[in-house]
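Residue numbers (this note's numbering): 53 to 552. One structure is given here, and the rest of the page talks about it.
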Ligand code: PLP
């Protein structure tokens with residue numbers, strides 16, 4: 053019997069053979085030998101992603117080169133430590149891969165130092181926190197004791213140091229104002245490691261109020277002033293954050309996980325570029341940056357030796373295959389094409405926000421300066437974010453509900469929808485498509501009502517969706533998706549025949 057790859061090559065004239073498709077089939081074929089179920093699910097995921105409009109602000113579509121760099125024997129190697137300081141033998145190729153990624157990151161962002169091992173944004177933030185604690189608390193404490201090695205401390209000295217490390221203050225953006233869980237939210241370890249405080253956006257404007265943040269920072273005097281967000285639609289002035297940090301004696305840390313692609317592509321420069329102003333900057337690599345799932349840390353030289361100890365401090369062995377993919381993605385982000393992409397993200401988000409406003413939707417802060425916008429659907433449609441999210445998915449749109457500043461519906465139901473354009477911009481969509489997306493979003497919201505609750509009253513989760521509107525919205529979404537197919541080289545019907 054012919055293998056899927058043989059079947060494909062047999063039916064395809066040589067000049068029409070797609071190399072990316074060949075490697076996909078070969079990989080799936082390999083997987084299917086051991087576990088056909090997993091091969092089938094990968095094909096189904098392609099089908100699902102192709103048939104839904106991805107408006108999740110934190111997701112994107114990476115290149116075949118990035119995917120290929122991740123799927124190989126590099127995963128087999130242990131390389132604890134960092135280049136030239138490994139706890140394992142035989143790491144010369146991993147050293148070269150990690151060094152290449154580090155150099156790409158430094159060149160792309162103009163950073164003094166880069167560390168590319170963190171497995172995720174949450175891990176990167178933990179490494180950053182502990183590096184800052186090591187630099188600013190542990191190191192001076194050791195110097196005072198005339199020691200260089202933690203293992204030489206007496207039980208009492210160690211307990212005193214641990215108490216000092218656990219008694220530092222963090223000041224970051226409030227979760228409801230768009231901060232991330234790892235920025236000092238009580239459910240996260242960050243609020244358990246630190247005495248954590250938060251600043252919020254202004255109640256009336258929804259914007260960061262730097263004078264108010266400065267006042268708060270001067271009262272709290274945190275060890276770390278943290279800027280960056282998951283759901284804030286406006287420009288951030290990192291020069292101003294630098295001034296505040298200097299004034300209150302804090303280390304300025306920035307989590308640019310969401311907008312790193314805009315920094316990389318020079319859509320954010322000057323005061324909007326956190327790498328220039330921050331002491332330690334973390335970012336995921338899989339959002340606007342369009343790389344593999346993972347993270348990196350950029351920092352000033354003074355923090356380099358501490359950040360480099362992310363393993364063993366927080367992390368285990370680095371993922372060499374993912375570091376290779378990060379290097380590839382960072383190189384891609386240095387291209388002119390990527391710069392165009394970053395500018396286009398900003399333009400698309402602005403078009404989408406303006407059209408939503410024109411159609412009468414409530415866009416928080418009246419617009420956007422980055423890759424995302426927030427809709428207050430509780431106000432316009434009496435829906436929770438959860439209901440809006442369900443209705444959109446039902447009509448072929450994936451996005452996520454989001455808390456809004458001072459949200460009365462709490463973090464589970466929420467009052468908002470977060471809409472991001474990095475994915476649809478990667479697919480090649482532009483102004484007409486943004487307008488079309490705004491019209492579908494409006495259509496779906498207008499056709500959605502909260503269902504009656506089983507316990508009486510109105511449900512916060514269940515909806516009723518007008519059938520005619522559902523089918524109209526689905527057909528509009530389908531037309532958009534067909535005009536901008538995801539991974540067009542991959543022939544889905546053939547994959548389904550081979551692997552489902
Ligand atoms: N930091 C910010 C600002 C984020 O938005 C996120 C994830 O959404 C993270 C950190 C965590 O990233 P990861 O999911 O890779 O741990």
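For glycine and all other residues, C-beta sits at the position ideal for the given N, C-alpha and C.
When DSSP states are grouped into helix, strand and coil, residue 511 belongs to the strand group. As DSSP reads the structure, residue 501 sits in a beta bridge with 516. In the structure shown, the three-state DSSP call for residue 404 is helix.
Between residue 475 and residue 201 the beta-carbon gap is near 48 Å, outside 8 Å, which marks them as no contact. As the crow flies, the alpha-carbon of residue 142 is around 28 Å from that of residue 159.
DSSP, read as helix, strand or coil, puts residue 112 in coil. Of 495, 99, 376, 206, the smallest CA-CA separation from residue 551 is found for 99.
In this structure, DSSP gives residue 375 a helical state, which the three-state scheme calls helix. Cα atoms of residue 300 and residue 263: separation of roughly 13 Å, rounded to the nearest angstrom. Set against 7 Å, the gap from the CB of residue 177 to the closest heavy atom of the ligand PLP is smaller. Pairing residue 421 with residue 287 gives a Cβ-Cβ distance under 8 Å. Contact annotation, residue 154 with residue 166: C-beta distance approximately 5 Å; criterion of less than 8 Å satisfied. The residue from 521, 352, 283, 88 with its alpha-carbon nearest to that of residue 304 is 352.
In this structure, the ligand PLP has no non-hydrogen atom nearer than 7 Å to the beta-carbon of residue 248. Annotation for residue 476: the continuous alpha helix (DSSP H) segment containing it runs 474–478. Around the C-beta of residue 438, 16 or more other C-beta atoms lie within 10 Å, and the residue is accordingly described as buried. Of 464, 448, 209, the smallest CA-CA separation from residue 533 is found for 448. Distances between the C-beta of residue 181 and the heavy atoms of the ligand PLP are all 7 Å or more. Taken through DSSP and simplified to helix, strand or coil, residue 122 comes out as helix. Nearest to residue 307 by C-alpha distance, out of 295, 322, 318, 337, is 337. When DSSP reads this structure, residue 280 sits in a beta bridge with 307. Only exposed fits residue 464, as fewer than 16 other CB atoms lie within 10 angstroms of its CB. Pairing residue 185 with residue 205, the inter-Cα distance amounts to about 17 Å. In the displayed model, residue 332 falls within a strand according to three-state DSSP. Under a 10 Å Cβ-count criterion, residue 396 is classified as buried, with 16 or more other Cβ atoms of the shown protein chains found around its own Cβ. Short of 8 Å from the beta carbon of residue 441, and not among the five residues preceding or following it, lie these beta carbons of its own chain, in chain order: 451, 452, 453, 469. Take residue 376, set aside five residues on each side of it, and the residues of its chain with a beta-carbon closer than 7 Å to its own are 121, 126, 149, in chain order. Annotated as proximal: residue 285 and residue 416, with beta-carbon spacing under 8 Å. Following the DSSP letters along the chain, one finds residue 247 in no alpha helix (DSSP H) but inside the beta strand (DSSP E) bounded by residues 247–251. Spanning the alpha carbons of residue 250 and residue 183 requires a straight line of approximately 21 Å. For residue 351, there is no enclosing alpha helix (DSSP H); the enclosing beta strand (DSSP E) covers residues 347–351. The ligand PLP never approaches residue 504 closely enough for any of its heavy atoms to be under 7 Å from the residue's Cβ.
A straight line joining the alpha-carbon of residue 131 with that of residue 369 spans about 6 Å.
Looking from the CA of residue 311, the closest CA among 109, 152, 181, 238 belongs to 109. Beta-bridge pairing by DSSP links residue 428 to 468. When only Cα atoms are considered, residue 172 and residue 381 end up about 15 Å apart.
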